[in-house]
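Protein chains in written order, with my numbering: chain F, 307 to 922; chain H, 284 to 482.
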């Protein structure tokens, strides 16, 4: 049995934040869950996916976040407890249904999780999604710890059902990817079949209806505010005159800091866990008892600006600090030492910074950037495109996935990346705005997510570029989740259909479509050349399963290669593809037999045919 | 309870996340509060994986620069790179088996001299235990057990509030049955290596 399905109230186990959130949803009786995977949220859905295979929970990997939210919105309006989770930028994709779903509301409890990524450990921006709660009129909860993440998830379903409004559960990477002991509570039964009662005055958002609904949303948010005022998630620690208002992980940094500084008696900390609508009365009361306030929140001054406005209304003129040159930044994440130092600075507490180790005599340490894996088919495809386009001036829009790493030397393929699907649409723009040849790259999962509409646009408007679809049969970057092009019987699951990319691309009206097997280097290069010469939209589908995935399914048996003594030291292999299995020994290229998977791309590049299979 | 802050650095694939899980389990068995944070976004692609483990009463899950009590490095250059996490009071334990980054293999960087790595760590930090954990893992029967070898050395340092027996029980609970004998041997070899290094 899945460890998160155990009906064992009181049991205490070590859980990842994302597992705790999945468990919280299970305890709340979640019946319906949808997602598009994205770090740092991916393990929530992975666990729900696994649990759906041994319970009556419905779970799906949807094609993108907008689709996921719309699928979930219907379930929640059929009375089911519904969970929809995504990374922060995913909520941009889902923003269209989000804004109006907030008007319509729900009948079953619905929780939308946004996993924000301050410091951008694996994201293209560090937007602060707390603003979506305010923007869209959604009650918002923000946990400060792993254990609380489970509690809040469970509560979020109750709250949503009570208010008939979707609730935004907002986490940050340091919650999602921390581990701590969590105690299980009892699991509510799942109601897995709903019933939709048509209610056009609520569910059909024509202008006349929406005018009514907007007013209703404001009423619901007034209700939500009452709940926020009374919420145990908005709490005060201590009774000093120096006030700290904080949220999320910063709360624990602040707790540790006041203890380390020995100023527990001089400070009081307001932790905001139910942060939209903010508990206005509580905050005003808190401010009234302070001589000075410091707001500690990663990201934007979301609380700080609201608190300053509350103070103004009350005629409270104490200094309220937060984001400034001397104090906190809007950039990146915070840490305990930083918070300790800023608290001391702001309130003029005695503080001796810890002595720093002198590091001036540390030699430069070679960087270890993430790299495409040994035997990754993307490396072969990038190399082949560069060879085929050797004499051309090319622009290479790239997309979001492992293959974004193609921009690194020596492959140096990837000139423009902004969001999921942008490779295709930006190629339309580059092809029209310049006379340069445009060759763009998109993964299979990302193509389904948001590449298709761009390609339809390209066909309709007769744009001129070559799109390479990297079909590796899986969503690789986020940990091998399925997508519509995947054969689900590989997951041991029946009842799914497979959408074939080649058939789809031809059906969209693309006239020049070719398929390559990227480990066949010469043949691929000549096929790519033909596609590049085509005037108009050409699509190349590069088919080779993700090597890690193939290995995990035992579809691929590694057969290592070695560099024989025919090597004349051209180093074409290292210089052109830089597979991580290469290393230099006394200036000579060697291949690490433990990591080489035998894709044989280097063997086909070597001018001396010096790279040969290792004899067993 | 005193707070002990441990940083573990490794290269993706070296198994430091499993090592964290074993330590977490040992803490549970011993009744020591623990919180851990890990960054594993791009780890699968050969990047650096860092775990922060906070034992004791502090409530934060991450560790600031200069505030690690112990640094456990799975790869020597990564151990040295993480020296900004240390103070003069930090105890350092490192594997000496190298995994040169591919930037070195394509000539975009020079791997630091091992003797230099060791002397810098020794000179700047409170203590150093450095040994070839890969050789011991192979001796135990699996190169995959490097993480467990290093846990043996960590426990030997006596810096954590739990015993060898707690960790052995955690290894039994948390690692795969088929690897258990190899892991238990790896743990013992790491423990002994640290004893010998200390002299």
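The C-beta atom is built at its ideal place from N, Cα and C for all residues, glycine as well.
Check: Between residue 490 of chain F and the rest of its own chain, which residues show a CB-CB distance below 8 angstroms, the 5 nearest in sequence each way excluded?
Finding: Within the first chain, residue 490 of chain F is the residue found at index 184, counting from 1. Around residue 490 of chain F: 312, 314, 315, 316, 317, 318, 319, 329, 333.
Next item on the list: Work out the CA separation of residue 849 of chain F and residue 432 of chain F for me, nearest whole Å.
Entry: Position 126 of the first chain, counted from the start, is the residue given in the question as residue 432 of chain F. Position 543 of the first chain, counted from the start, is the residue given in the question as residue 849 of chain F. Going by the C-alpha atoms only, they are around 33 angstroms apart.
Next item on the list: Give a yes or no on whether the C-beta atoms belonging to residue 478 of chain F and residue 331 of chain F are separated by under 8 angstroms.
Entry: To locate residue 478 of chain F, count along the first chain from 1; it is residue 172. To locate residue 331 of chain F, count along the first chain from 1; it is residue 25. In this structure, residue 331 of chain F does not lie closer than 8 angstroms to residue 478 of chain F by Cβ.
Item checked: Unbroken beta strand (DSSP E) run spanning residue 468 of chain F, endpoints -> Counting from one through the first chain, the residue named residue 468 of chain F turns up at place 162. First-last for residue 468 of chain F: 452 to 469, but that is the alpha helix (DSSP H), not the beta strand (DSSP E).
Check: What is the residue span of the beta strand (DSSP E) that residue 609 of chain F lies within?
Finding: As a working note, residue 609 of chain F is residue 303 in the first chain. Segment 608 to 620 is the alpha helix (DSSP H) holding residue 609 of chain F; no beta strand (DSSP E) there.
Check: Who does residue 544 of chain F pair with in a DSSP beta bridge?
Finding: Residue numbering aside, residue 544 of chain F sits at position 238 when the first chain is read from its first letter. Residue 544 of chain F is bridged to F:574.
Notebook entry, point to check: Which residues in the same chain have their Cβ closer than 6 angstroms to the Cβ of residue 390 of chain F, if we skip the five residues on either side of it in sequence?
Noted result: What you label residue 390 of chain F is simply residue 84 of the first chain in a count that begins at 1. The residues are 340, 374, 375, 378, 418.
Next item on the list: Starting from the beta carbon of residue 363 of chain H, find every residue of chain F whose beta carbon is closer than 9 angstroms, and list them in chain order.
Entry: Here residue 363 of chain H refers to the residue found at position 80 when the second chain is read from its first residue. Ordered by position in chain F, the residues that pass the 9 angstroms Cβ test against residue 363 of chain H are 668, 669, 671.
Note to self: Could you compute how far the alpha carbon of residue 801 of chain F sits from the alpha carbon of residue 312 of chain H?
What the structure shows: Here residue 801 of chain F refers to the residue found at position 495 of the first chain. Here residue 312 of chain H refers to the residue found at position 29 of the second chain. Their Cα atoms are separated by approximately 43 angstroms.
Note to self: Looking at the strands, I want to know which residues DSSP matches up with residue 566 of chain F.
What the structure shows: Within the first chain, the letter at position 260 stands for residue 566 of chain F. For residue 566 of chain F, which the question treats as bridged, DSSP gives no partner whatsoever.
Item checked: Bridge partners - residue 845 of chain F, DSSP secondary structure assignment -> On the first chain, residue 845 of chain F is found 539 positions in, with the first residue counted as 1. Paired residues: F:773, F:819.
Item checked: Near-chain H residues of the region 670 to 700 of chain F - C-beta to any C-beta below 8 angstroms -> 670, 671, 672, 673, 674, 675, 676, 677, 678, 679
Checklist line | Minimum length 4: unbroken alpha helix (DSSP H) runs contained in the region 650 to 687 of chain F | finding: none
Check: For residue 558 of chain F, which residues from the same chain have a beta carbon less than 7 angstroms from its beta carbon, with the 5 sequence-adjacent residues on both sides left out?
Finding: Locating residue 558 of chain F in the first chain gives position 252, where the first residue counts as 1. 450, 451, listed in sequence order.
Margin query: For a quick check, are the C-beta atoms of residue 412 of chain F and residue 382 of chain F less than 8 angstroms apart?
Written below: Counting from 1 along the first chain, the entry for residue 412 of chain F is found at position 106. Counting from 1 along the first chain, the entry for residue 382 of chain F is found at position 76. Yes, they are a contact pair.
Notebook entry, point to check: Pick from H:418, H:451, H:379: whose alpha carbon is nearest that of residue 411 of chain H?
Noted result: Here the question's residue 411 of chain H lines up with position 128 in the second chain. Closest by alpha carbon: H:379.
Next item on the list: With 8 angstroms as the threshold, decide whether the Cβ of residue 341 of chain H is near any Cβ in chain F.
Entry: On the second chain, residue 341 of chain H is found 58 positions in, with the first residue counted as 1. Closer than 8 angstroms to some Cβ of chain F, the Cβ of residue 341 of chain H qualifies, so yes.
Margin query: At a CB distance below 9 angstroms, what residues from the region 343 to 376 of chain F approach chain H? Give them in sequence order.
Written below: 345, 346
Item checked: Supposed close pair residue 582 of chain F, residue 445 of chain F - CB separation, criterion 8 angstroms -> Numbered from its first residue, the first chain carries residue 582 of chain F at position 276. Numbered from its first residue, the first chain carries residue 445 of chain F at position 139. Rounded, the Cβ-Cβ distance is 6 angstroms, consistent with contact.
Checklist line | Beta-carbon proximity list for residue 872 of chain F, same chain, < 6 angstroms, skipping 5 on both sides | finding: Residue mapping note: residue 872 of chain F aligns to position 566 of the first chain, counting from 1. Excluding positions up to five away in sequence, the list reads 914, 916.
Check: Using a C-beta cutoff of 8 angstroms, does residue 303 of chain H count as contacting chain F?
Finding: For this step, residue 303 of chain H is matched to residue 20 along the second chain. For residue 303 of chain H, the answer is yes, since a Cβ of chain F falls inside 8 angstroms of its Cβ.
Check: Alpha carbon to alpha carbon, how far is residue 476 of chain H from residue 825 of chain F?
Finding: Taking the first residue of the second chain as 1, we reach residue 476 of chain H at position 193. Taking the first residue of the first chain as 1, we reach residue 825 of chain F at position 519. Each residue's alpha carbon lies about 45 angstroms from the other.
Next item on the list: Would you mind telling me which residues of chain F sit closer than 7 angstroms to residue 399 of chain H, beta carbon to beta carbon, in chain order?
Entry: In the second chain, residue 399 of chain H corresponds to position 116, counting from 1. By Cβ distance, chain F contributes 669.
Item checked: residue 319 of chain H - containing beta strand (DSSP E), residue span -> Position 36 of the second chain, counted from the first residue, corresponds to residue 319 of chain H. Unbroken beta strand (DSSP E) run through residue 319 of chain H: 317 to 322.
Next item on the list: Thinking residue 501 of chain F and residue 385 of chain F are a contact (beta carbons under 8 angstroms), I'd like their distance in whole angstroms, please.
Entry: Here the question's residue 501 of chain F lines up with position 195 in the first chain. Here the question's residue 385 of chain F lines up with position 79 in the first chain. 6 angstroms between Cβ atoms; contact.
Notebook entry, point to check: DSSP state of residue 804 of chain F, grouped into three classes?
Noted result: Taking the first chain and counting its residues from 1, one reaches residue 804 of chain F at position 498. It is coil, neither helix nor strand.
Checklist line | Residue-chain proximity (residue 290 of chain H, chain F), Cβ-Cβ < 8 angstroms | finding: Within the second chain, the letter at position 7 stands for residue 290 of chain H. Closer than 8 angstroms: no.
Notebook entry, point to check: What separation, rounded to the nearest whole angstrom, lies between the Cα atoms of residue 548 of chain F and residue 885 of chain F?
Noted result: The sequence position of residue 548 of chain F within the first chain is 242, counting from 1. The sequence position of residue 885 of chain F within the first chain is 579, counting from 1. If you take the alpha carbons of residue 548 of chain F and residue 885 of chain F, they lie about 56 angstroms apart.
Item checked: Chain-order list of residues whose beta-carbon lies under 6 angstroms from that of residue 400 of chain F (same chain, five-residue window excluded) -> Start at 1 with the first residue of the first chain, and residue 400 of chain F comes out as number 94. Correct list, in chain order: 371, 372, 375.
Notebook entry, point to check: Does the beta-carbon distance from residue 351 of chain H to residue 306 of chain H come in below 8 angstroms?
Noted result: Residue mapping note: residue 351 of chain H aligns to position 68 of the second chain, counting from 1. Residue mapping note: residue 306 of chain H aligns to position 23 of the second chain, counting from 1. Going by C-beta atoms, residue 351 of chain H is not nearer than 8 angstroms to residue 306 of chain H.
Check: If you draw a straight line from the C-alpha of residue 472 of chain H to the C-alpha of residue 425 of chain H, how long is it?
Finding: By 1-based counting over the second chain, the position of residue 472 of chain H is 189. By 1-based counting over the second chain, the position of residue 425 of chain H is 142. Going by the C-alpha atoms only, they are around 13 angstroms apart.
Next item on the list: Measure the C-alpha to C-alpha separation of residue 349 of chain F and residue 620 of chain F and round it to an integer number of angstroms.
Entry: For this step, residue 349 of chain F is matched to residue 43 along the first chain. For this step, residue 620 of chain F is matched to residue 314 along the first chain. Cα-Cα distance, rounded: 44 angstroms.
Note to self: If the criterion is Cβ atoms closer than 8 angstroms, does the pair residue 607 of chain F and residue 628 of chain F meet it?
What the structure shows: As a working mapping, residue 607 of chain F is identified with position 301 in the first chain. As a working mapping, residue 628 of chain F is identified with position 322 in the first chain. Yes.
Item checked: Under the three-state DSSP convention, the category residue 421 of chain H falls into -> For this step, residue 421 of chain H is matched to residue 138 along the second chain. The answer is helix: DSSP assigns residue 421 of chain H an H, G or I state.
Next item on the list: Name the residue from F:823, F:831, F:783 whose alpha carbon lies nearest to the alpha carbon of residue 854 of chain F.
Entry: Mapped onto the first chain, residue 854 of chain F falls at position 548. Ranking the options by Cα distance to residue 854 of chain F, first place goes to F:783.
Margin query: Please list the terminal residues of the continuous alpha helix (DSSP H) segment that includes residue 496 of chain F.
Written below: Within the first chain, numbered from 1, the residue matching residue 496 of chain F stands at position 190. Here residue 496 of chain F belongs to no alpha helix (DSSP H), and DSSP marks it neither H nor E.
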